[in-house]
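This report concerns only the one structure given below.
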Amino acid sequence: MSQSVTVTRDSNVAIVTIDNPPVNSMSFHVRKPLAEALTQLAGDNSVAAIVLACAGRTFVAGADITEFGTDKALASPNLPELIAQLEAIDKPTVAAIHGTALGGGLELAMGCRYRVGDATAKFGLPEVKLGILPGAGGTARLPRLVGPLAALKMIVTGVPIGAKEALSSGLIDAIADGDLVKSAITFARDAVERVAALPVSQRNAKVENVDMAAFEKQAADLLKKSKGLDAPRRCVDAVRNAITMPFPEALKTEREYFIELVMGDQSRAQRHLFFAEREATKVPGVSKNDKPRKISKVGVIGAGTMGGGISMSLVNGGIPVTILEMNEDALKRGMGVIDKNYGISVSRGSLTEEAKAKRLSMFTTTTDYADLADCDLIIEAVFEEMGVKEQVFTTLDKIAKPGAILASNTSYLDVNQIAAFTKRPQDVVGMHFFSPANVMKLLEIVRGDKTAPDVLATALAVGKQIGKVPVVVGVCHGFVGNRMLGARGAEAEGLLLEGALPQQVDKVFTDFGWPMGTYQMWDLAGLDIGWRTRKSLGLTAAISDTLCEMGRYGQKTGKGYYLYPDGRTATPDPEVEALILEEARKQGVNRRDISDEEIKERTVYPMINEGARILEEGIATRSSDIDTVWVNGYGYPVGHGGPMFWAELEGLQKIVDRLEYWYGKTGKEVYNPSPLLKRLAAAKKGFADAATA
Ligand code: NAD
Numbered sequence: 033m034s035q036s037v038t039v040t041r042d043s044n045v046a047i048v049t050i051d052n053p054p055v056n057s058m059s060f061h062v063r064k065p066l067a068e069a070l071t072q073l074a075g076d077n078s079v080a081a082i083v084l085a086c087a088g089r090t091f092v093a094g095a096d097i098t099e100f101g102t103d104k105a106l107a108s109p110n111l112p113e114l115i116a117q118l119e120a121i122d123k124p125t126v127a128a129i130h131g132t133a134l135g136g137g138l139e140l141a142m143g144c145r146y147r148v149g150d151a152t153a154k155f156g157l158p159e160v161k162l163g164i165l166p167g168a169g170g171t172a173r174l175p176r177l178v179g180p181l182a183a184l185k186m187i188v189t190g191v192p193i194g195a196k197e198a199l200s201s202g203l204i205d206a207i208a209d210g211d212l213v214k215s216a217i218t219f220a221r222d223a224v225e226r227v228a229a230l231p232v233s234q235r236n237a238k239v240e241n242v243d244m245a246a247f248e249k250q251a252a253d254l255l256k257k258s259k260g261l262d263a264p265r266r267c268v269d270a271v272r273n274a275i276t277m278p279f280p281e282a283l284k285t286e287r288e289y290f291i292e293l294v295m296g297d298q299s300r301a302q303r304h305l306f307f308a309e310r311e312a313t314k315v316p317g318v319s320k321n322d323k324p325r326k327i328s329k330v331g332v333i334g335a336g337t338m339g340g341g342i343s344m345s346l347v348n349g350g351i352p353v354t355i356l357e358m359n360e361d362a363l364k365r366g367m368g369v370i371d372k373n374y375g376i377s378v379s380r381g382s383l384t385e386e387a388k389a390k391r392l393s394m395f396t397t398t399t400d401y402a403d404l405a406d407c408d409l410i411i412e413a414v415f416e417e418m419g420v421k422e423q424v425f426t427t428l429d430k431i432a433k434p435g436a437i438l439a440s441n442t443s444y445l446d447v448n449q450i451a452a453f454t455k456r457p458q459d460v461v462g463m464h465f466f467s468p469a470n471v472m473k474l475l476e477i478v479r480g481d482k483t484a485p486d487v488l489a490t491a492l493a494v495g496k497q498i499g500k501v502p503v504v505v506g507v508c509h510g511f512v513g514n515r516m517l518g519a520r521g522a523e524a525e526g527l528l529l530e531g532a533l534p535q536q537v538d539k540v541f542t543d544f545g546w547p548m549g550t551y552q553m554w555d556l557a558g559l560d561i562g563w564r565t566r567k568s569l570g571l572t573a574a575i576s577d578t579l580c581e582m583g584r585y586g587q588k589t590g591k592g593y594y595l596y597p598d599g600r601t602a603t604p605d606p607e608v609e610a611l612i613l614e615e616a617r618k619q620g621v622n623r624r625d626i627s628d629e630e631i632k633e634r635t636v637y638p639m640i641n642e643g644a645r646i647l648e649e650g651i652a653t654r655s656s657d658i659d660t661v662w663v664n665g666y667g668y669p670v671g672h673g674g675p676m677f678w679a680e681l682e683g684l685q686k687i688v689d690r691l692e693y694w695y696g697k698t699g700k701e702v703y704n705p706s707p708l709l710k711r712l713a714a715a716k717k718g719f720a721d722a723a724t725a
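Residue numbers (the numbering used here): 33 to 725.
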């Protein structure tokens, strides 16, 4: 292993280089030698100035998050102590920044008197995304450099800025001209000749006479998007303190907030999700030797809701697409929707007209399968009927070039059966996107019995290239997400008949942090979809069927379980309440008060139970994959870490007990506790022990 910190000299300038691959995080084994080097250089009279630089691909990209919540994070010198020591050095100190100076890395850089950035460098404090706030002076120093409003935006959103903005806002002092370290050395040598800049903590000009009304307005605007999370609120408090308190006090409060957040469940949940997403790309049976196939051109079959969104995702990720439809009219309609969606981005300012034109030029349309013959990957998004899928895959088998990957976006159908329509089942895989496909991050990659490892590697690589969060799952009805969603909604009709109303059930969900509840979601998706499926299977659901018979399909008809006077906002409807009461009377159900706790036990617990079954059957590799699915595909609130993470906080034994209670009362399978869940609860273990339990 190379040394984590080395010191070299360029005559009277000392260059301290941090080398802690892969991203130079501020681990204890970096902090300790760095502090020692700084002590030595501070006392060395032959050193006039110090440049702090990093080896490898980036400046310090953050604290070492594997140390969070452990003694190592606090071990002296901790990051705040190190930065205080750096700031106290009475010589010009210059951070030479390339790559990404994030979190603890940017805080370290702000401990220097000056910062020189590479033209492509990025600067940010993304701690909020892990449920914490910058805990090493970032909230107190950044406002002193860029002003409170700009600092507030960077800290509350966690979104980094580029070098030009960093220079104009005052975060950095210069953009390197050519070689970064050489530029920083020249800058340092010049600084020796000038009047010394104050330490950042003593630069008060930008935090004096602040327009507090403007500050509070921006804070309120930013917090609107923070969905009940503690960290963004604390970020605002900390930046406000930087204005209203003397620096040492602001620093002390920031540290208190940091410790409060880092010890809390929300931050634990968000860190769990951070690691879960990375872990999800490790797939049993897929090794580094399974190189992804080259994908330069993709075919998409079907230009409906999903085909259009999938095509946009691919093009946005730089991959040209040929869309195939049944006829020119369908193509025209599909391309019209795509054009309109890009138009919305232009009107919002997130896309330029030129960029829109460039993207549209990457689409080709056809009604002739021969035009898909040279595609490396073909994704099918036609009607959800096995007969139609058979037609499509039989044709694809005839026309696709050898080695082309044939993917289905099916929501529920058996991918093995689909693969068997071809003579190349090894090349067939499920690529299940979520609606709207150009927005939702989740990509369930469905592995058939015969899917080749390099096909999975390719699907993972394409997913990452187009900005999705891919999770590999096994074949079953509805895979991971929709199968659990089914369990969550299994008692939705029963709850209404027995005494609840849609708005009461949905409020339990939105209070927990979900963007919407079960009935609001159904109204959004369209009640007619489930109605048609039930009819084809000979099933009924009295309330939902009646709503459909009344033409109430949900948002698209202006009414469903709710009224939508403005087209979007769900408003309780007395007519629906009357319908529910009438249906209960007809069925002889005596309605009673249903508690919020009961609603949770009869919606969320069955869903967790289904998750445990999925884990036990090996449909998901690990429980954290299930959490990743739910957070990225269904709006599960990040502060609760996903259903499986939350279940452990709730207590597995408690969940088993209540499932058994409801199973005894109703005899319904959704409540029958999975053997795995029972074993884990009895052994007082968590889902991480599933493999050995
Ligand atoms: P859709 O009805 O909006 O679009 C389907 C399109 O496929 C239509 O434009 C139709 O003209 C076209 N089509 C049908 N048969 C065809 C054929 N033989 N050749 C070429 N084109 C054909 O449906 P959708 O909602 O986009 O669903 C498509 C698939 O995606 C289904 O398998 C569905 O289960 C799945 N899916 C849907 C969602 C969702 O929320 N809508 C989410 C995930 C997956």
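We put the beta carbon where it would ideally sit given N, CA and C, even for glycine.
Practice item. Alpha carbon to alpha carbon, how far is Val670 from Gln535? Give it in angstroms, no decimals. Key: Within the sequence shown, numbered from 1, the residue matching residue 535 stands at position 503. Within the sequence shown, numbered from 1, the residue matching residue 670 stands at position 638. One alpha carbon belongs to Gln535, the other to Val670, and they sit about 23 Å apart.
Check your understanding: Helix, strand or coil for Ser727 per DSSP?
Key -> For residue 727 there is no data in the structure shown, the boundaries of the chain being 33 and 725.
Review point. Around the C-beta of Arg624, are 16 or more other C-beta atoms found within 10 angstroms, so that it is buried, or is it exposed?
Key: Taking the first residue of the sequence shown as position 1, residue 624 is located at position 592. Exposure of Arg624 is indicated by the presence of fewer than 16 other C-beta atoms within 10 angstroms of its C-beta.
Review point. For Pro502, which residues of its own chain have a beta-carbon under 6 Å away from its beta-carbon, when the five flanking residues on both sides are left out?
Key: Sequence index remark: in the sequence shown, residue 502 carries index 470 (1-based). Taking Pro502 as the centre and dropping the five residues before and after it, the same chain places the C-beta of Leu475, Ile477, Leu492 and Gly495 closer than 6 Å to its C-beta, in chain order.
Review point. Contact between the stretch 436 to 452 and the stretch 296 to 315: three or more CB pairs below 8 Å?
Key: Contact fails between the stretch 436 to 452 and the stretch 296 to 315, because fewer than three Cβ pairs, one in each stretch, are under 8 Å apart.
Check your understanding: Is any heavy atom of the ligand NAD found at a distance shorter than 7 Å from the C-beta of Gly339?
Key -> Stepping through the sequence shown from its first residue, residue 339 is reached at position 307. Look at Gly339: its beta carbon is less than 7 Å from one of the heavy atoms in the ligand NAD.
**Study point:** Nearest residue (CA-CA) to Gly339, options Ala715, Ala413, Asp555 and Asp400
**Key:** Within the sequence shown, the letter at position 307 stands for residue 339. Residue Ala413 is the option with its Cα nearest to Gly339.
Point to revise | CB of Pro166 within 8 Å of CB of Gly135, strictly | key: Along the sequence shown, read from residue 1 onward, the residue named residue 166 stands at position 134. Along the sequence shown, read from residue 1 onward, the residue named residue 135 stands at position 103. Remark: C-beta atoms of Pro166 and Gly135 approach each other more closely than 8 Å.
Practice item. In the DSSP assignment, find the unbroken beta strand (DSSP E) run with Val83 in it and report its ends. Key: Along the sequence shown, read from residue 1 onward, the residue named residue 83 stands at position 51. It spans Ala81 to Cys86 - the beta strand (DSSP E) in which Val83 sits, taken as one unbroken run.
**Study point:** Any non-hydrogen atom of the ligand NAD within 7 Å of Leu356 CB
**Key:** The residue you call residue 356 lines up with position 324 of the sequence shown. Under cutoff, so the answer is yes.
**Study point:** Member of Tyr666, Met186 and Ala80 whose CA lies at the smallest distance from the CA of Trp546
**Key:** The count along the sequence shown starts at 1 and reaches residue 546 at position 514. Relative to Trp546, the option among Tyr666, Met186 and Ala80 whose CA is nearest is Tyr666.
Check your understanding: Quick check: the stretch 636 to 654 against the stretch 548 to 557, are there 3 or more CB pairs under 8 Å?
Key -> As far as the Cβ criterion goes, the stretch 636 to 654 does not touch the stretch 548 to 557, which means the pair count is below three.
Review point. Apart from the five residues on each side of it in sequence, which residues of its chain come closer than 6 Å, Cβ to Cβ, to Ala133?
Key: In the sequence shown, counting from the first residue as 1, residue 133 sits at position 101. Hits under 6 Å: Phe91, Ala141 and Phe155.
Practice item. Compare the C-alpha of Gly317 against each of Asp721, Pro707 and Thr653 and name the closest. Key: Start at 1 with the first residue of the sequence shown, and residue 317 comes out as number 285. Of the candidates Asp721, Pro707 and Thr653, the one whose C-alpha sits nearest the C-alpha of Gly317 is Thr653.
Exercise for review: Compute the beta-carbon to beta-carbon distance between Gln449 and Leu529, rounded to the nearest angstrom, for a pair I have assumed lies under 8 Å.
Suggested key: Position 417 of the sequence shown, counting from 1, holds the residue named residue 449. Position 497 of the sequence shown, counting from 1, holds the residue named residue 529. No, Gln449 and Leu529 are not in contact; Cβ-Cβ is about 36 Å, not under 8 Å.
Check your understanding: How big is the Cα-Cα spacing for Thr565 and Glu525?
Key -> By 1-based counting over the sequence shown, the position of residue 565 is 533. By 1-based counting over the sequence shown, the position of residue 525 is 493. Looking at the two C-alpha atoms, the distance is approximately 16 Å.
Review point. Looking at Phe100 and the ligand NAD, is the gap between the Cβ and the nearest heavy atom below 7 Å?
Key: If you number the sequence shown from 1, residue 100 lands on position 68. Taking non-hydrogen atoms of the ligand NAD into account, the C-beta of Phe100 is found less than 7 Å away from none of them.
Exercise for review: Name the residue from Thr189, Met553, Thr603 and Asn622 whose alpha carbon lies nearest to the alpha carbon of Lys28.
Suggested key: The structure shown does not extend to residue 28, since the chain spans only 33 to 725, so no value can be given for it.
**Study point:** Beta-carbon proximity of Val702 to Val512, cut-off 8 Å
**Key:** Residue mapping note: residue 702 aligns to position 670 of the sequence shown, counting from 1. Residue mapping note: residue 512 aligns to position 480 of the sequence shown, counting from 1. The Cβ-Cβ distance between Val702 and Val512 does not fall below 8 Å.
**Study point:** Nearest-angstrom Cα separation, counted from Pro158 out to Met33
**Key:** Counted from its first residue, the sequence shown places residue 33 at position 1. Counted from its first residue, the sequence shown places residue 158 at position 126. Confidence in Met33 is poor, its pLDDT being 43 and thus under 50, which makes the residue's placement unreliable; the coordinate value appears in the next sentence. Each residue's Cα considered, the two are about 29 Å apart.
Exercise for review: Return helix, strand or coil for Ser440, following the three-state DSSP convention.
Suggested key: As a first step, residue 440 is located in the sequence shown; it is residue number 408 there, counting from the start. Secondary structure of Ser440 (DSSP, three-state): strand.
Check your understanding: Just to confirm, does Val414 get its C-beta within under 7 Å of one of the non-hydrogen atoms of the ligand NAD?
Key -> Taking the sequence shown and counting its residues from 1, one reaches residue 414 at position 382. A heavy atom of the ligand NAD is found nearer than 7 Å to the CB of Val414.
Review point. So does Gly366 have its beta carbon nearer than 7 Å to some heavy atom of the ligand NAD?
Key: Numbered from 1 along the sequence shown, position 334 holds the residue referred to as residue 366. For the ligand NAD, at least one heavy atom lies less than 7 Å from the Cβ of Gly366.
Point to revise | Where the alpha helix (DSSP H) through Phe731 begins and ends | key: This structure cannot settle anything about residue 731, because the visible part of the chain is limited to 33 through 725.
**Study point:** Continuous alpha helix (DSSP H) assignments of at least 4 residues falling wholly in the stretch 543 to 567
**Key:** Counting whole runs of 4 or more residues, the stretch 543 to 567 contains the alpha helix (DSSP H) stretches 550 to 557.
Review point. Which residues bound the beta strand (DSSP E) around Val92?
Key: In the sequence shown, counting from the first residue as 1, residue 92 sits at position 60. For Val92, there is no enclosing beta strand (DSSP E), as DSSP marks it with neither H nor E.
Review point. For the beta strand (DSSP E) that Ile477 lies in, which residues bound it at each end?
Key: Locating residue 477 in the sequence shown gives position 445, where the first residue counts as 1. It spans Leu474 to Arg479 - the beta strand (DSSP E) in which Ile477 sits, taken as one unbroken run.
Practice item. May I ask you to report which of helix, strand or coil DSSP gives Phe415? Key: For the purposes of this step, residue 415 is taken as residue 383 along the sequence shown, with counting starting at 1. Here Phe415 carries a coil assignment [DSSP, helix/strand/coil].
Review point. Where does Met58 land, buried or exposed, given buried means 16+ other C-beta within 10 angstroms?
Key: For the purposes of this step, residue 58 is taken as the residue at position 26 of the sequence shown. Counting the other Cβ atoms within 10 Å of the Cβ of Met58 gives 16 or more, which makes it buried.
**Study point:** Residues that Pro53 bridges to, as DSSP identifies them
**Key:** Walking along the sequence shown from the start, residue 53 turns up at place 21. None, per the DSSP bridge assignment.
Practice item. Name the residue from Ala251, Ala720, Ile651 and Ala532 whose alpha carbon lies nearest to the alpha carbon of Arg634. Key: In the sequence shown, the residue the question calls residue 634 occupies position 602. Selection Ala251, Ala720, Ile651 and Ala532 evaluated against Arg634 yields Ala532 as nearest (Cα-Cα).
Review point. Between the stretch 597 to 604 and the stretch 565 to 575, are three or more C-beta pairs nearer than 8 Å?
Key: Because the criterion of three Cβ pairs below 8 Å is not met, the stretch 597 to 604 and the stretch 565 to 575 do not touch.
Review point. When you compare only the Cα positions, how much space is there between Asn321 and Asp486?
Key: On the sequence shown, residue 321 is found 289 positions in, with the first residue counted as 1. On the sequence shown, residue 486 is found 454 positions in, with the first residue counted as 1. Approximately 9 Å, taken between the alpha carbons.
Check your understanding: Contact between the stretch 168 to 176 and the stretch 223 to 242: three or more CB pairs below 8 Å?
Key -> They touch, by the three-pair rule.
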